[in-house]
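Right, one structure below, let's go through it.
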Amino acid sequence: MSNRSSPPSRSPSSASMRTPRRKVAGLGSARSGTGHFWLQRVTALANIILVIIALPIVISMAGGGQEAVLSTLRHPLAALVLLLLLVSMTFHMRIGMQVVIEDYVHSEGTKVLALIGNTFFTIAVGAAGAFAILKISFGG
């Protein structure tokens, strides 16, 4: 007589038609797959392009007084470029920190709190920066 118990029987309706490989396809340790990897690369490329465009704007303001800086930032194209750069950089920052937190924080509760804190911090930074750019741009 064997001490082994038989495996639980599966009803036909509970059996999955997905293969084991299909169940895990595209899923990394954080179940996000390569999506974060590519999003990080796309935002990095966007940051490079936007910095190249924004650099002349920032250089043109160097050494100028407050009125010269305000005058430059009130131009809609300058404000748009800086706003796009801010959004891209904060998004890139959030993704990067999320990957670091998921890889190096091992306690589940601490990880969740850190991810929530990361999201709120990047939203606060982005909102404050966007508010400042828009306020200057609209002459406030």
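Quick note on numbering: UniProt numbering labels position 32 of the sequence shown as 32, and the sequence is numbered without any gaps. Backbone N, C-alpha and C fix where the C-beta goes; we use that ideal spot for every residue, glycine too. Please read all numbers here as calculations on a predicted model, not as lab measurements.
Of the residues the options, which one's Cα is nearest the Cα of residue i?
{"i": "residue 129", "options": "20, 115, 53 and 89", "result": "89"}
{"i": "residue 122", "options": "87, 104, 103 and 109", "result": "87"}
From the DSSP output, in three-state form, read off residue i for me.
{"i": "residue 139", "result": "coil"}
{"i": "residue 92", "result": "helix"}
{"i": "residue 34", "result": "coil"}
{"i": "residue 62", "result": "coil"}
{"i": "residue 17", "result": "coil"}
{"i": "residue 112", "result": "helix"}
Note down, in chain order, each residue of its chain lying with its Cβ closer than 7 Å to the Cβ of residue i, except the 5 sequence neighbours on either side.
{"i": "residue 101", "result": "111, 114, 115 and 118"}
Beta-carbon within less than 8 Å of residue i's beta-carbon, same chain only, minus the 5 sequence neighbours each way: which residues are those?
{"i": "residue 106", "result": "none"}
{"i": "residue 70", "result": "136"}
{"i": "residue 57", "result": "72, 78, 81 and 82"}
Leaving out five residues on either side along the sequence, give the residues of the same chain with a beta carbon under 6 Å from the beta carbon of residue i.
{"i": "residue 40", "result": "95"}
{"i": "residue 53", "result": "81"}
Examine chain C for any beta-carbon lying closer than 8 Å to the beta-carbon of residue i, and answer yes or no.
{"i": "residue 128", "result": "You won't find chain C in this structure, because it holds only one protein chain."}
Classify residue i as buried or exposed, calling it buried when 16 or more other Cβ atoms lie within 10 Å of its own Cβ.
{"i": "residue 98", "result": "buried"}
{"i": "residue 77", "result": "exposed"}
Do three or more CB pairs link the stretch 89-99 to the stretch 34-54 at distances below 8 Å? yes
Contact between the stretch 130-139 and the stretch 75-86 (3+ Cβ pairs under 8 Å): yes
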